[in-house]
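Protein chains in written order, with the numbering used here: chain A, 4 to 147; chain B, 624 to 945. Where is the CB? At the ideal position from N, CA and C, for every residue including glycine. Below is one structure, written out as C-alpha cells; the observations come after it.
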Amino acid sequence: MKARELMRRDLTSVEPDTLIHEAIYLMEQAGLSTLPVVDEEGKLVGIITEHDLIHAALPEYFEMLHSISFLPNLNQIQKRLKEMAFKPVSDYMKEVLSVHLDDEDLHIADLLIRKRLKQIPVVDDEGHLVGVIRRIDILSRLVR
Amino acid sequence: MILTVTLNPTLDKFYWVDHLPLSLERVEEEILIRARKSVSSAGGKGINVSVFLACMGVETVAMGFLAGHTGQIILRDLLERGVTANFVWIEGENRTNITILEKGKEYHPVKIHEEGPRIPTHAQELFLKKYRRMLKRAEYVVLAGAIPPGIPETIYKDLAREAKAAGVKVVVHAGRRPLWEAVKTGPFFVKPDVREELVVGDMPVRTEEEIVAAGKKAVEYGCQACLISHHITGDILITPEGIWEYEAEVPLTKFKNLVGADDALVGGVLYRLTKGDDLLEAVKFGMAAALASAEVEPKLCLAPAVIEHEMRTVEVRRKEDR
Chain A
4 MKARELMRRD
14 LTSVEPDTLI
24 HEAIYLMEQA
34 GLSTLPVVDE
44 EGKLVGIITE
54 HDLIHAALPE
64 YFEMLHSISF
74 LPNLNQIQKR
84 LKEMAFKPVS
94 DYMKEVLSVH
104 LDDEDLHIAD
114 LLIRKRLKQI
124 PVVDDEGHLV
134 GVIRRIDILS
144 RLVR
Chain B
624 MILTVTLNPT
634 LDKFYWVDHL
644 PLSLERVEEE
654 ILIRARKSVS
664 SAGGKGINVS
674 VFLACMGVET
684 VAMGFLAGHT
694 GQIILRDLLE
704 RGVTANFVWI
714 EGENRTNITI
724 LEKGKEYHPV
734 KIHEEGPRIP
744 THAQELFLKK
754 YRRMLKRAEY
764 VVLAGAIPPG
774 IPETIYKDLA
784 REAKAAGVKV
794 VVHAGRRPLW
804 EAVKTGPFFV
814 KPDVREELVV
824 GDMPVRTEEE
834 IVAAGKKAVE
844 YGCQACLISH
854 HITGDILITP
864 EGIWEYEAEV
874 PLTKFKNLVG
884 ADDALVGGVL
894 YRLTKGDDLL
904 EAVKFGMAAA
914 LASAEVEPKL
924 CLAPAVIEHE
934 MRTVEVRRKE
944 DR
C-alpha cells in the first residue's frame, strides 16, 4: 500500500514565524502533539513537537539528572515557557523526515520504527505537505 | 484541485420519524418523538461539495473554521471520506444543524440551524494566509454557505477578488448580501441560495421573468453563468450566450432527503467541468446529481451510475438568445 492510501489528508500546520503560544494553542485545540511547519508555498520545512517544547522548557541540568522530581514545583518551567511563548516556531522546530505520496508502506513503517517517530509527513513532487501518516494508521490497517 | 470554503461548518444531524406531532392535545403534555433512525455527518455547503467531489475522485481541499468536540467529529468525517482538510482551529464549538424527516413527507423537512461560533479577528487573518497559499494550487474555488458571527458580509467579495487575481475560477454558492457582493466581482459561476428569501441582490426571483432579470444582472457584472432555482425540480441558467431551462418531471413524493441536493448540483457541475464537458452538459449532470441525492436517504448521492441514469429525466430547453 502506498502513502497516498494510508495518509490522513489533514494539512493542519504552522509556519516558521508562528509564535510558540499560537502553536501550543493549535496543538490543544486540534488535539495534535506534532505539527508540520510549512513555508509560504505550503512546502514542508520542519516539524515542531510537544516533546521538543517540553524539553526546551526544562532546566539545562535535566539532561544530566533525567528527572524533574527534584524541583519544588513547576514555577521554573512555567517561567521558561512564558519566555518562549512569543518566540517563533523556527527557534524550536527541527528538520524532519518525510515520505513521498508513492512510497510503500514497508518503507514508511521502517522509518517510523527505526526513527521512533509518532507520525511522518507526506509530500508531493514539489515538496508540498499533502498529509501525515501516524503509527496508529499503519497499526489499524494491519490489524484489520 | 478544487478548493472549497465553508466559514461556518456544521455537524448535520438527521432524524427519521414515523410521525411528527405539530400540536399538543393536552396543554400539560410534552412532545416525545422517537426517531426510527438517525445519522450525523460533516456539513455546510462547501464541505458537501468537497465530499461529493472526493467521492468522484476529484482532488479537493476544504477550508474554514473548526472548533471543539463538534469540530473533531466534522474533521474525522471529512478525512474518512477522502477530503483534504485545511482548517483554522478556534475556541468554542461548531454548530449542529438538525433535520427531522417525517415518513411520507420527506420533501417537507423540519430544520433547526444553530448560529455557529464567533470567529475572532486573529483567526480570520490566519485563514486568509492559508487561503492565499492554497489558491496557488487551485483550479476552482467554491465560496459557499452562511457567514458566521464576527465575519463581515463582504467576505466572499474579498475572497473572490483574491482568487481572480490568482487566476482561479470562482464559484459562489450562497445567499443574500454575501452572494451579491461577490457577484459584483464577476465570478465564473453563481448558484444563489434562495431557500430563506426569494431574492437575489435586491431583486425578487418569484417568477421566471424575475429570475431571468436577476441572472442577466449577474451576467452584466461579468459572471459566466448564473443558475437559479425556479422550483424544486426546475432551474434556469443565464449565461452571456443565452438562457436555458432545466426541468425534471419527478413527483415530490419520490424525494427522501433534500438536504445537500443543491450542493450535489454544484459538485456535479464542477466534476463534469474538470472532465472537459461544456457548461450546458455539466449543469445537466449537476441537476441529475441533485435529483439523485434528493431521492436517497443519505445526504449526498455518491453513486456515479445512479447520477448518470438520472440524467435521462432532465430536459434542457433553450429559452432565449442573447
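Original post:
Using the beta-carbon of each residue, which ones in chain A are nearer than 8 Å to Gly705/B?
Top reply: For the purposes of this step, residue 705/B is identified with residue 82 of the second sequence, where counting begins at 1. Ordered by position in chain A, the residues that pass the 8 Å Cβ test against Gly705/B are Arg12.
Original post:
Does Trp712/B come within less than 7 Å of chain A when only Cβ atoms are used?
Top reply: Along the second sequence, read from residue 1 onward, the residue named residue 712/B stands at position 89. Cβ-Cβ to chain A under 7 Å: yes for Trp712/B.
Original post:
Can you name the start and end residues of the beta strand (DSSP E) that Ile654/B belongs to?
Top reply: If you number the second sequence from 1, residue 654/B lands on position 31. Run containing Ile654/B: none; DSSP gives neither H nor E here.
Original post:
Applying the criterion that 16 or more other CB atoms from any shown protein chain within 10 Å of the CB defines a buried residue, is Gly727/B buried or exposed?
Top reply: Against the second sequence, residue 727/B aligns to sequence position 104. It is exposed - the Cβ of Gly727/B has fewer than 16 other Cβ atoms within 10 Å.
Subject >> Cross-chain neighbours of Gly34/A in chain B, by beta carbon under 7 Å >> reply: The residue given as residue 34/A occupies position 31 in the first sequence. Neighbours of Gly34/A on chain B, chain order: Gln695.
**OP:** Keeping to the same chain, check which residues put their C-beta closer than 6 Å to that of Thr862/B; ignore five residues upstream and five downstream.
**Re:** Within the second sequence, numbered from 1, the residue matching residue 862/B stands at position 239. Contacts found: Ala848.
**OP:** Give the interface partners of Gly130/A over in chain B, defined as CB-CB distance under 7 Å, in chain order.
**Re:** The residue you call residue 130/A lines up with position 127 of the first sequence. None at all; the shortest Cβ gap to chain B is about 12 Å.
Subject >> Gly669/B beta carbon less than 7 Å from that of Thr629/B >> reply: Walking along the second sequence from the start, residue 629/B turns up at place 6. Walking along the second sequence from the start, residue 669/B turns up at place 46. Closer than 7 Å, so yes.
**OP:** Please classify Ser852/B: is it buried, with 16 or more other beta-carbons within 10 angstroms of its beta-carbon, or exposed?
**Re:** Here residue 852/B corresponds to residue number 229 of the second sequence, with the count starting at 1. Under this definition Ser852/B is a buried residue.
Original post:
Looking at the structure shown, is Phe812/B part of a helix, part of a strand, or coil, going by DSSP?
Top reply: For the purposes of this step, residue 812/B is taken as residue 189 along the second sequence, with counting starting at 1. If DSSP states are grouped into helix, strand and coil, Phe812/B belongs with the strands.
**OP:** Name the two residues that bound the continuous alpha helix (DSSP H) containing Ala836/B.
**Re:** Here the question's residue 836/B lines up with position 213 in the second sequence. Segment Glu831 to Glu843, the alpha helix (DSSP H) holding Ala836/B.
**OP:** Could you check which residue in Pro732/B, Ile654/B and His745/B has the C-alpha nearest to that of Trp712/B?
**Re:** Translated into the one-based positions of the second sequence, residue 712/B becomes position 89. The shortest C-alpha separation from Trp712/B is found at His745/B.
Subject >> Residues near Pro91/A by beta carbon distance below 8 Å, same chain, minus five either side >> reply: Here residue 91/A refers to the residue found at position 88 when the first sequence is read from its first residue. The answer, listed in chain order, is Pro19, Asp20, Thr21, Leu22 and Ile23.
Original post:
What do you get for Met4/A, buried or exposed, if any count of 16 or more other CB atoms within 10 angstroms of its CB means buried?
Top reply: Looking up residue 4/A in the first sequence gives position 1. Counting Cβ neighbours within 10 Å, Met4/A comes out exposed, since fewer than 16 surround it.
Original post:
In chain A, which residues lie with their C-beta within 9 Å of the C-beta of Arg718/B?
Top reply: The residue given as residue 718/B occupies position 95 in the second sequence. The contacting residues do not exist; Arg718/B stays about 17 Å from chain A at best.
Original post:
What three-state label does DSSP hand Tyr638/B in the structure shown?
Top reply: Translated into positions along the second sequence, residue 638/B becomes position 15. Three-state DSSP puts Tyr638/B in a strand.
Subject >> Minimum length 4: unbroken alpha helix (DSSP H) runs contained in the region 721 to 802 of chain B >> reply: 744 to 758 and 778 to 788
Original post:
So, helix, strand or coil for Thr719/B, using DSSP?
Top reply: The sequence position of residue 719/B within the second sequence is 96, counting from 1. Looking at Thr719/B - three-state DSSP - the assignment turns out to be strand.
**OP:** Would you mind giving the Cβ-Cβ distance between Met934/B and Glu762/B, rounded to the nearest angstrom? I have them listed as a contact below 8 Å.
**Re:** For the purposes of this step, residue 934/B is taken as the residue at position 311 of the second sequence. For the purposes of this step, residue 762/B is taken as the residue at position 139 of the second sequence. Going by Cβ atoms, the distance from Met934/B to Glu762/B rounds to 24 Å, so no, they are not a contact pair.
Original post:
In angstroms, rounded to a whole number, what distance separates the CA positions of His586/B and Val133/A?
Top reply: No information on residue 586/B is available, as it lies outside the stretch 624 to 945 that chain B covers here.
Subject >> Contact with chain A by Asn709/B, beta-carbon distance below 7 Å >> reply: The residue labelled residue 709/B in the question sits at position 86 within the second sequence. At least one chain A Cβ lies under 7 Å of Asn709/B.
**OP:** Starting from Gln122/A, follow the beta strand (DSSP E) in both directions and report where the run begins and ends.
**Re:** Position 119 of the first sequence holds residue 122/A. Per DSSP, Gln122/A belongs to the beta strand (DSSP E) from Gln122 to Val126.
Original post:
Taking the Cβ atom as the reference point for each residue, do Cys924/B and Ala915/B lie within a distance shorter than 7 Å?
Top reply: Counting from 1 along the second sequence, the entry for residue 924/B is found at position 301. Counting from 1 along the second sequence, the entry for residue 915/B is found at position 292. Yes, these two residues count as a Cβ contact at 7 Å.
Original post:
Can you list, in chain order, the residues of the region 751 to 781 of chain B whose Cβ is nearer than 9 Å to any Cβ on chain A?
Top reply: Lys752, Lys753, Arg755, Arg756, Met757, Lys759 and Arg760
Original post:
Going along chain B, which residues have a C-beta under 7 Å from Glu86/A?
Top reply: As a first step, residue 86/A is located in the first sequence; it is residue number 83 there, counting from the start. By Cβ distance, chain B contributes nothing, its closest Cβ being about 22 Å from Glu86/A, past 7 Å.
**OP:** Note down the Cα distance separating His103/A from Glu820/B, rounded to an integer number of angstroms.
**Re:** Your numbering for residue 103/A matches position 100 in the first sequence. Your numbering for residue 820/B matches position 197 in the second sequence. In a straight line, the C-alpha of His103/A is about 49 Å away from that of Glu820/B.
Original post:
Within this structure, are the beta carbons of Ile770/B and Pro801/B separated by less than 7 Å?
Top reply: The residue given as residue 770/B occupies position 147 in the second sequence. The residue given as residue 801/B occupies position 178 in the second sequence. Yes, the pair counts as a contact, with Cβ atoms nearer than the cut-off.
Original post:
For chain B, is any of its Cβ atoms less than 7 Å away from the one on Leu29/A?
Top reply: Here the question's residue 29/A lines up with position 26 in the first sequence. Chain B, which has a Cβ nearer than 7 Å to the Cβ of Leu29/A, makes this yes.
**OP:** Please determine, among Leu9/A, Glu44/A and Thr52/A, the residue with the shortest C-alpha to C-alpha distance to Tyr28/A.
**Re:** Here residue 28/A corresponds to residue number 25 of the first sequence, with the count starting at 1. Among Leu9/A, Glu44/A and Thr52/A, the Cα nearest to that of Tyr28/A is on Thr52/A.
**OP:** Give a yes or no on whether the minimum CB-CB distance between Gly45/A and chain B is below 7 Å.
**Re:** Within the first sequence, residue 45/A is the residue found at index 42, counting from 1. Gly45/A counts as touching chain B.
**OP:** Measure from the alpha carbon of Ile855/B to the alpha carbon of each residue in Leu655/B, Glu843/B and Ala917/B, then state which is nearest.
**Re:** Taking the first residue of the second sequence as position 1, residue 855/B is located at position 232. The candidate whose alpha carbon is nearest that of Ile855/B is Ala917/B.
Original post:
Under the three-state reduction of DSSP, which class applies to Arg137/A: helix, strand or coil?
Top reply: As a position in the first sequence, residue 137/A is number 134, starting the count at 1. DSSP places Arg137/A in strand when its eight states are reduced to three.
Original post:
In angstroms, rounded to a whole number, what distance separates the CA positions of Val948/B and Ser143/A?
Top reply: There is simply no residue 948/B to check, as chain B begins at 624 and stops at 945 in what is shown.
Original post:
In the region 902 to 913 of chain B, which residues sit with their C-beta less than 9 Å from some C-beta in chain A, listed in chain order?
Top reply: none
Original post:
Helix, strand or coil: which one does DSSP assign to Ile625/B?
Top reply: Reading the second sequence from its first residue, position 2 is the one you call residue 625/B. Ile625/B: strand per DSSP, three-state reduction.
Subject >> Pair within 7 Å by beta-carbon distance, Met10/A and Ile116/A >> reply: As a first step, residue 10/A is located in the first sequence; it is residue number 7 there, counting from the start. As a first step, residue 116/A is located in the first sequence; it is residue number 113 there, counting from the start. Going by C-beta atoms, Met10/A is not nearer than 7 Å to Ile116/A.
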